[in-house]
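*Asks:* For reference, the structure I am asking about is given below.
Residue numbers (the working numbering), protein chains in the order written: chain A, 269 to 789; chain B, 1309 to 1602.
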């Protein structure tokens, strides 16, 4: 019941009406005294003595009228939930930049509330953006504590790192009520040959039950390359010089589950890319140290094929600067993520504004004094959101979708540059590739992409290796929340009003007439 | 058979008060034990034989009492004082106006009258009990022994305060009627415009006694509060007033000045001034009557 209920408001109008009636009928308080001869020096009171009378009967009657009005409006009391309490903690983190994420969370919460019944309640706790990891851990601890019997945490991997003891749930799986399935090209290698090249594809199927795989090139006929129960297959395609580009599509057999269509197609341009990877400079001016640091970066790990496809340069410029170059065009920053930066005490998190090209962010990373270089990818005066996982840049130029993921997997520092249009036939074998795809999708507006999966979930179809292939546990329990119960208060409020009315008119005398003398027998 | 006890108002004279009243006679007699020539030797002009001593001459003294030998020897006027040879006559006059019946004033006044009569009987002699109303004096009973105190209680129980005291007329009348060497006890709230200077007519007549002034807290210490319409219980006159703290203080000041005026004139003529009220216990009032008035 709202306090603006018409019945209640109309009922309240009886109080001023009663006041007017009492005022019209009331008389000044009369007090008998043995003598008033000592009052004769005092001025006669000119005001209306009725206005300031404290008449307990009036107030009791007014309270009774208010109670009766309230009772007529039918008040209810929201009882403390007796059943289970589900607390949903939403920590968007880096996923906040991804538009479908919020819709997925809202869909989940709405579904939980729909399935709620009497006795249970749903509580939604949203963690603000730009929270540092130590603070995030504290916030999560506070959000998870309390009287909740069930706790769901919707988060990116950052929260997982903050609370490794908590089971995090992917909102996509909750929203779809099933484990997502995917068939995609997860890796490709280009093997140069005389007069052509051979493209080695690694195709995997995850999530749903495997029904077999099919592949086609340049829109040709589908070829079955796998069989039911097979989750991974390595397939080779031969290319001849002058044949470009090569478009490869994969799909599950028989229209199986494939929730991530973006990795279903690979465009391969056999021409060598001009530049794909940029370099790093350390703070140590000693050449040997710089070389040692560069060699430890492990760029080879992300090299897709021949060395010609990746060009690594190392340059030291006034030392203590991390430099990036080789990406042309205007690039719009999307997400800046620096893994383990918080652990190193880096003040990189939060919203930052790049005022001009050449700006750097100083940071002391594991004893090395780095300067975070963002200019070549950033639009001046644009807000850059610093997170703890790397830098994801998008190039909105026409047809030149370029994604740069700058990340650091301690103690190594990676800068990966993927340019599908320019023929870098690489699908990165990195835990961040779903995020990369999601950012890409968000940029191009592909709405059919329904969700974002944790890499572990993508790989195994479940939350963990042990849960591989098993449907999400949440929905095995059936409806877990119900709406909070209420109790009708009308009889009690009406009874209270009647009691007040009885007391005021039977037991409380009016404050008018001659007041009895104090102590009179 | 008539049951006298049933005629005594239990509200006015509860059992505890009656027990107290029963010991007044004995206590008074023990205090004045050893008296000679009658039951009680009293101060005053007295007779001719029981010489008590000298005191300085005051205007109004009988010239026959001047000791001329002392004057010749010391050069100052001294009068001889003698103890009387007869019993003391006491008159107790109770204000029975409506203001005395307001609140707890009726009980306080009635108990004060009963205590005054009891202490006087304890000292011996006669006690006349009367009331003042409408400017006249009405004698209710004459008590000669303590066993007759019940009669006084019955009369006091039957007394219904009402109308006005009329001290403007009653006080000169009382002063004229009081015999010489009488102990006079007047019990009233003195909420009147009568001139207390009339009491000066008692000077030089050997009248002693006390003025018992009933002072109700509602009159002498009014509380500040909301506006109200004050009603005089005697005259019925109303007045709409608001007593804030300052006004309440002014009213209390006027009341105290009024009481001080009565106390001043009473003391000038040798009468004790005893203020009392409902808050004063009967035991305390009895103690004061015995020690200060007797």
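Heads up, the beta-carbon is just placed ideally off N, CA and C, and yes, glycines get one too.
Values in this document were obtained by computation on a predicted structure and should not be read as measured data.
Can you tell me the Cα-Cα spacing of residue 285(A) and residue 326(A), whole angstroms?
*Replies:* The straight-line gap from Cα to Cα measures roughly 12 Å.
*Asks:* Among 1442(B), 1388(B) and 1450(B), which one has its Cα closest to the Cα of residue 1436(B)?
*Replies:* With distances taken between Cα atoms, residue 1436(B) lies closest to 1450(B).
*Asks:* Can you tell me whether residue 1510(B) is helix, strand or coil according to DSSP?
*Replies:* Correct three-state label for residue 1510(B): helix.
*Asks:* Using a C-beta to C-beta distance shorter than 9 Å, which residues of chain B count as neighbours of residue 776(A)?
*Replies:* Going along chain B, no residue has its Cβ under 9 Å from residue 776(A), so there is no contact; the nearest lies around 17 Å.
*Asks:* Residue 286(A) lies in the alpha helix (DSSP H); which residues open and close that run?
*Replies:* Where residue 286(A) is concerned, the enclosing alpha helix (DSSP H) stretches over 282 to 293.
*Asks:* Closer than 9 Å between beta carbons: that is the criterion. Which residues of the region 1373 to 1390 of chain B meet it against chain A?
*Replies:* Here the close residues number zero.
*Asks:* Cβ of residue 1413(B) less than 8 Å from any chain A Cβ?
*Replies:* Yes, because at least one Cβ of chain A sits closer than 8 Å to the Cβ of residue 1413(B).
*Asks:* Under 8 Å, Cβ to Cβ, is there at least one residue of chain B near residue 324(A)?
*Replies:* No, because no Cβ of chain B sits closer than 8 Å to the Cβ of residue 324(A).
*Asks:* Which residue wins for smallest C-alpha separation from residue 502(A), given the options 465(A), 490(A), 482(A) and 764(A)?
*Replies:* Per the Cα distances, 482(A).
*Asks:* With a threshold of 6 Å on Cβ separation, who are the neighbours of residue 279(A) within its own chain once the five nearest residues in sequence on each side are excluded?
*Replies:* 337 and 340.
*Asks:* For residue 1401(B), report the span of its beta strand (DSSP E) as first-last.
*Replies:* Its beta strand (DSSP E) spans residues 1397 to 1403.
*Asks:* Would you say residue 336(A) faces chain B, with C-beta separation under 8 Å as the test?
*Replies:* Output row for residue 336(A): interface = no.
*Asks:* If contact is defined by three or more beta carbon pairs under 8 Å, each pair taking one atom from either stretch, is the region 1366 to 1385 of chain B in contact with the region 1485 to 1493 of chain B?
*Replies:* The answer is no - the region 1366 to 1385 of chain B does not touch the region 1485 to 1493 of chain B, with fewer than three Cβ pairs under 8 Å.
*Asks:* For residue 1564(B), which option in 1540(B), 1530(B), 1576(B) and 1483(B) has the closest C-alpha, if you only look at C-alpha atoms?
*Replies:* The option with the nearest alpha carbon to residue 1564(B) is 1530(B).
*Asks:* Measure from the C-beta of residue 292(A) to each C-beta in chain B and report whether the shortest distance is under 8 Å.
*Replies:* So no, residue 292(A) is outside the interface.
*Asks:* At which residues does the alpha helix (DSSP H) containing residue 762(A) begin and terminate?
*Replies:* Segment 758 to 770, the alpha helix (DSSP H) holding residue 762(A).
*Asks:* Are residue 1409(B) and residue 1522(B) closer than 8 Å when you measure CB to CB?
*Replies:* No, these two residues do not count as a Cβ contact at 8 Å.
*Asks:* Taking residue 329(A) as part of the alpha helix (DSSP H), name the residues at either end of that continuous run.
*Replies:* Its alpha helix (DSSP H) spans residues 324 to 340.
*Asks:* Against chain A, does residue 1536(B) count as a neighbour if the rule is that its beta carbon must be under 8 Å from one of theirs?
*Replies:* For residue 1536(B), the answer is yes, since a Cβ of chain A falls inside 8 Å of its Cβ.
*Asks:* In whole angstroms, give me the CA-to-CA distance for residue 1516(B) and residue 1544(B).
*Replies:* When rounded, the distance between both Cα atoms is 36 Å.
*Asks:* Among 1444(B), 1329(B) and 1465(B), which has the Cα closest to the Cα of residue 1428(B)?
*Replies:* Nearest option by C-alpha distance: 1329(B).
*Asks:* Please list the terminal residues of the continuous alpha helix (DSSP H) segment that includes residue 1379(B).
*Replies:* Element bounds for residue 1379(B): 1376 to 1382.
*Asks:* Applying a beta-carbon distance threshold of less than 9 Å, which residues of chain A neighbour residue 1407(B)?
*Replies:* The answer, in chain order, is 301, 302 and 303.
*Asks:* How big is the Cα-Cα spacing for residue 1553(B) and residue 1589(B)?
*Replies:* In a straight line, the C-alpha of residue 1553(B) is about 29 Å away from that of residue 1589(B).
*Asks:* Can you give the Cα-Cα distance for residue 1572(B) and residue 1527(B), rounded to whole angstroms?
*Replies:* Between residue 1572(B) and residue 1527(B), the C-alpha separation is close to 20 Å.
*Asks:* Can you list, in chain order, the stretches of the beta strand (DSSP E) that have 3 or more residues and sit fully within the region 1412 to 1496 of chain B?
*Replies:* DSSP runs (the beta strand (DSSP E)) wholly in the region 1412 to 1496 of chain B: 1434 to 1441, 1444 to 1451 and 1491 to 1496.
*Asks:* How many whole angstroms separate the CB atoms of residue 309(A) and residue 1562(B), which I take to be in contact at a CB cut-off of 8 Å?
*Replies:* Their Cβ separation, rounded to whole angstroms, is 6 Å, which keeps residue 309(A) and residue 1562(B) in contact under 8 Å.
*Asks:* Within the continuous beta strand (DSSP E) that includes residue 1584(B), where are the two ends?
*Replies:* 1579 to 1584 is the span of the beta strand (DSSP E), which, as asked, contains residue 1584(B).
*Asks:* Residue 298(A) versus chain B: which residues are under 9 Å apart at the beta carbon?
*Replies:* Per Cβ cutoff of 9 Å: 1536, 1537, 1538, 1539 and 1546.
*Asks:* Quickly, what does DSSP pair residue 1536(B) with across the bridge? List them, please.
*Replies:* According to DSSP, residue 1536(B) bridges with 1549(B).
*Asks:* Using a 10 Å radius around the Cβ and a threshold of 16 neighbouring Cβ atoms, would you call residue 773(A) buried or exposed?
*Replies:* By the 10 Å Cβ count, residue 773(A) comes out exposed.
*Asks:* Got a sec, what are the start and stop residues for the alpha helix (DSSP H) residue 1334(B) sits in?
*Replies:* Residue 1334(B) -> alpha helix (DSSP H) spans 1323 to 1339.
*Asks:* Out of curiosity, what's the CA-to-CA distance linking residue 1439(B) and residue 311(A)?
*Replies:* Roughly 36 Å between the two C-alpha positions.
*Asks:* Considering residue 229(A), what are the terminal residues of the alpha helix (DSSP H) in which it resides?
*Replies:* Past the boundaries of the shown model lies residue 229(A); chain A is included only from 269 to 789, so the question cannot be answered.
*Asks:* How would you call residue 1452(B), buried or exposed, if buried means at least 16 neighbouring beta carbons within 10 angstroms?
*Replies:* It counts as exposed.
*Asks:* If you draw a straight line from the C-alpha of residue 1364(B) to the C-alpha of residue 1385(B), how long is it?
*Replies:* Computed Cα separation, rounded: 6 Å.
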